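In this text, residue positions in the sequence shown follow the UniProt record's numbering: the first is 1, and each later residue adds one. Glycine included, each C-beta is placed from N, C-alpha and C at the ideal position. Computed from a predicted structure; not experimentally measured.
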Amino acid sequence: MQHTELKVGELARRTGLSIRALHHYDEIGLLKPSAHTASGHRLYTAADIARLSHILSLKQLGFSLEEIAETLGRADFSALRVVELRLQRAREQLAEQRQLCDRLDSLARQLRAAEPVSADDFLQTIEAMTMFEKYYTPEQLKELEARRQAMGDDAIQQVEAEWPRLIASMREQMEQGADPASEPVRALATRWRELVRAFTGGNPGIEKSLQTLHQQEPQVAQRQGRDPKLMEYVGRAMAALDAAK
């Protein structure tokens, strides 16, 4: 591979990872830099960067850090297989989006031409856009729509933008072995609960429907980064939060 050596700050900047996460990977032996400067600073080589790519690909496929370490440590480990698995998932996501685009494009053409649109056409499009709605009762959907209107589009967009950051922060705490009862984790759990209640309005029935959706549609939860291990950790943090009251 091409000769490359990056300091930890530059690697963090180029990849979007935090320096803290890279230090943690080093500490647990998952990604140890192959070189150091004369003053002792970490230097990541091209081989290290390739390994980091494998780590992130496996994380996006739902592997825990322990599982990633085990996979990368196998004698029969294949970098090609990791790339192929991630490519397969990317193609699946692309196919889902392409299917939705095709359905919306078809509807748009029919509506522009003032052609009749069948109920099935609308139903298929709605299913692609709002698959989760099948897990809610009509009354719950009406309540959710009322909450959406009350919150306004700007507030909803802010919440939607915050979720990925919150999930990433919670995952980082979990992977670093933070106690679910620790103050930083409980603070994240508090915000997690606030965002859930912003969506559900504190309605236990809607919260249950949301949980069922994630259980029955694992691909939806996975795309959101809500893998079973993370959700178990969040559950422990919620329990610690309640116990502290």
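For L87, does the count of other Cβ atoms within 10 angstroms reach 16, so buried, or fall short, so exposed?
Its Cβ having fewer than 16 others within 10 Å, L87 is exposed.
Is it true that the CB of L52 sits closer than 8 Å to the CB of Y31?
Going by the sequence as given, residue 31 is Leu instead of Tyr. Yes.
Cβ atoms of R89 and L61: under 8 Å apart, would you say?
Their beta carbons are under 8 Å apart, which means L61 touches R89 by this criterion.
Look up L61 in the DSSP assignment and say whether it is helix, strand or coil.
L61 falls in the coil class under three-state DSSP.
Nearest-angstrom Cα distance between R14 and R112?
Spanning the two alpha carbons is a distance of roughly 45 Å.
Could you pull the start and end residues of the alpha helix (DSSP H) that K229 belongs to?
Unbroken alpha helix (DSSP H) run through K229: 228 to 243.
Which residues in the same chain have their Cβ closer than 7 Å to the Cβ of H54, if we skip the five residues on either side of it in sequence?
Counting only Cβ-Cβ distances below 7 Å, and skipping sequence neighbours, we find L72, A79, V82.
Which partner residues does H36 have in the DSSP bridge list?
The partner list for H36 (beta bridge, DSSP) reads R42.
What do you get for Q173, buried or exposed, if any count of 16 or more other CB atoms within 10 angstroms of its CB means buried?
The residue is buried, with at least 16 neighbouring Cβ atoms inside 10 Å.
Residue ranges of each beta strand (DSSP E) run of no fewer than 3 residues wholly in the segment 134 to 207, ordered along the chain?
Correct list: empty.
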